[in-house]
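Notes to accompany the following structure.
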Amino acid sequence: MKNLTFVILYILLSGVQTIFGQNETDIIVGSKFVIKSNILDEERTCLISLPDSYNNSSEVDKKYPVIIVLDGYTHFKTASGIVHFMSSNRNRNNLMPESIIIAIENVDRERDFTVTKIKTKRPNNMGGGRIFLNFIEKELVPYIDKKYKTEPFRTLVGHSLGGLLTLNSYMDENSVFNAYISIDPSIWWNEEMMKNKVDSISSISLNKKLYIATANQGEANYERNKQRHDSLYTLITKKSDKPLNIEIEYFEKENHRSVPLVALYEGLKYINQEE
Numbered sequence: 001m002k003n004l005t006f007v008i009l010y011i012l013l014s015g016v017q018t019i020f021g022q023n024e025t026d027i028i029v030g031s032k033f034v035i036k037s038n039i040l041d042e043e044r045t046c047l048i049s050l051p052d053s054y055n056n057s058s059e060v061d062k063k064y065p066v067i068i069v070l071d072g073y074t075h076f077k078t079a080s081g082i083v084h085f086m087s088s089n090r091n092r093n094n095l096m097p098e099s100i101i102i103a104i105e106n107v108d109r110e111r112d113f114t115v116t117k118i119k120t121k122r123p124n125n126m127g128g129g130r131i132f133l134n135f136i137e138k139e140l141v142p143y144i145d146k147k148y149k150t151e152p153f154r155t156l157v158g159h160s161l162g163g164l165l166t167l168n169s170y171m172d173e174n175s176v177f178n179a180y181i182s183i184d185p186s187i188w189w190n191e192e193m194m195k196n197k198v199d200s201i202s203s204i205s206l207n208k209k210l211y212i213a214t215a216n217q218g219e220a221n222y223e224r225n226k227q228r229h230d231s232l233y234t235l236i237t238k239k240s241d242k243p244l245n246i247e248i249e250y251f252e253k254e255n256h257r258s259v260p261l262v263a264l265y266e267g268l269k270y271i272n273q274e275e
């Protein structure tokens with residue numbers, strides 16, 4: 001956990017340098033753009049962070065992998081700080097390549113992050129996850145590839161219900177992503193459906209990298225959370241006799257709300273480690 005402490009200290013110290021060293025200069029973490037989606041029939045707002053070297057005149061031909069982050073408003077600054085710490089030449093950590101971060105702001109989490117409906121007393125708009133993934137894959141990704149200097153390596157990051165959608169994307173053999181970070185995913189939403197999806201998972205999915213982070217939700221919720229994650233991990237690993245590109249990690253000292261920070265850091269390390 002010492003590495004995580006260094007990450008937090010780096011971000012804090014960067015803020016101090018900004019305040020005292022550059023009083024009259026704005027330090028821009030990222031920018032915002034709006035894309036009109038015909039698939040969703042609505043406009044969607046995204047936040048984007050470009051690497052330090054992106055506009056460097058000596059690296060005009062350089063291309064960058066893309067990280068797409070769900071729950072964008074919540075996780076954008078965290079993801080940007082961690083990726084910068086892990087990849088910037090200023091730090092020389094070389095834990096991962098410099099990357100373009102795209103964080104999608106929410107409109108309706110239950111609609112966009114779930115692929116099935118569950119019965120509720122109130123009216124609900126659940127089950128639009130496949131449509132939302134179509135928006136990402138068929139509209140957002142082509143837009144990003146056309147406008148920015150991207151290379152065809154993409155990582156999807158999601159937390160909670162976003163983690164559930166990330167798992168659904170991983171199990172889809174037609175997914176445009178190469179790697180997945182699923183942070184404390186809400187497998188409880190439709191546990192049997194997830195098991196059925198594992199039964200039919202293809203070798204294409206099994207050859208991609210998947211990192212699952214599990215938080216400590218207390219003894220009362222142990223069965224609802226950790227055991228479900230462990231069970232899903234076991235089911236996936238049984239699908240092949242070969243070593244799989246899948247890692248699961250339990251963070252005993254982190255709860256559902258605090259785990260994204262450390263899980264994003266550890267997940268990116270796993271995805272980018274040399275074989």
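The numbers in the sequence shown follow the working numbering, run straight up by one, and end at 275.
Where is the CB? At the ideal position from N, CA and C, for every residue including glycine.
In this text the structure is predicted, and so the values were computed from the model without any measurement.
Check: Just to confirm my understanding: we take residue 132, look at its own chain, exclude 5 residues before and 5 after, and list those with CB closer than 8 angstroms. What are they?; Outcome: 40, 111, 112, 113 and 165
Check: Report, in whole angstroms, the separation of the C-beta atoms of residue 163 and residue 185, which I expect to be a contact under 8 angstroms.; Outcome: 3 angstroms
Check: So, does the stretch 99-106 touch the stretch 70-79, judging by three or more C-beta pairs under 8 angstroms?; Outcome: yes
Check: For residue 114, which of helix, strand or coil comes out of DSSP?; Outcome: coil
Check: Using beta-carbon positions only, say whether residue 44 and residue 107 come within less than 8 angstroms of one another.; Outcome: yes
Check: According to DSSP, is residue 59 part of a helix, a strand, or is it coil?; Outcome: helix
Check: DSSP three-state label for residue 30, please.; Outcome: coil
Check: Starting from residue 186, follow the beta strand (DSSP E) in both directions and report where the run begins and ends.; Outcome: Note, residue 186: premise wrong, no beta strand (DSSP E); not H, not E.
Check: Taking 7 angstroms as the cut-off, is the C-beta of residue 66 nearer than that to any heavy atom in the ligand FAD?; Outcome: The ligand FAD is not part of the structure shown, which contains no ligands of any sort.
Check: Does the beta-carbon distance from residue 124 to residue 154 come in below 8 angstroms?; Outcome: no
Check: Below 8 angstroms, can you find three or more Cβ-Cβ pairs linking the stretch 242-255 to the stretch 61-71?; Outcome: no
Check: What separation, rounded to the nearest whole angstrom, lies between the Cα atoms of residue 246 and residue 206?; Outcome: 8 angstroms
Check: Please name the residue in 157, 200 and 269 whose C-alpha comes closest to that of residue 183.; Outcome: 157
Check: In terms of residue numbering, what span does the alpha helix (DSSP H) encompassing residue 260 cover?; Outcome: 259-272
Check: Between residue 130 and residue 187, is the Cβ-Cβ spacing less than 8 angstroms?; Outcome: no
Check: If we ignore side chains and look at the alpha-carbon of each, how far apart do residue 66 and residue 273 end up?; Outcome: 17 angstroms
Check: So if DSSP puts residue 159 in a beta bridge, which residue, or which two residues, is it bridged to?; Outcome: 183
Check: Mapping DSSP to helix, strand and coil, what is residue 177?; Outcome: coil
Check: Spatial neighbours of residue 37 within its chain, please: CB distance less than 6 angstroms, with the 5 preceding and 5 following residues excluded, ordered by chain position.; Outcome: 44, 135 and 139
Check: Between which two residues does the alpha helix (DSSP H) containing residue 130 stretch?; Outcome: 129-135
Check: Compare the beta carbon distance of residue 181 and residue 50 with 8 angstroms and say whether it is the shorter of the two.; Outcome: no
Check: Flag this pair as yes or no: are the beta carbons of residue 271 and residue 236 separated by less than 8 angstroms?; Outcome: no
Check: Between the Cα of residue 209 and those of 170, 83 and 149, spot the shortest distance and give me the residue it belongs to.; Outcome: 170
Check: Roughly how many whole angstroms lie between the Cα atoms of residue 84 and residue 238?; Outcome: 36 angstroms
Check: Starting from residue 36, follow its DSSP beta bridges and name the residues at the other end.; Outcome: 43
Check: Output needed for residue 267: all residues of its chain with C-beta closer than 7 angstroms, excluding positions within five of it in sequence on either side, in chain order.; Outcome: 181, 211 and 213
Check: Kindly indicate which three-state DSSP category residue 249 falls into: helix, strand or coil?; Outcome: strand
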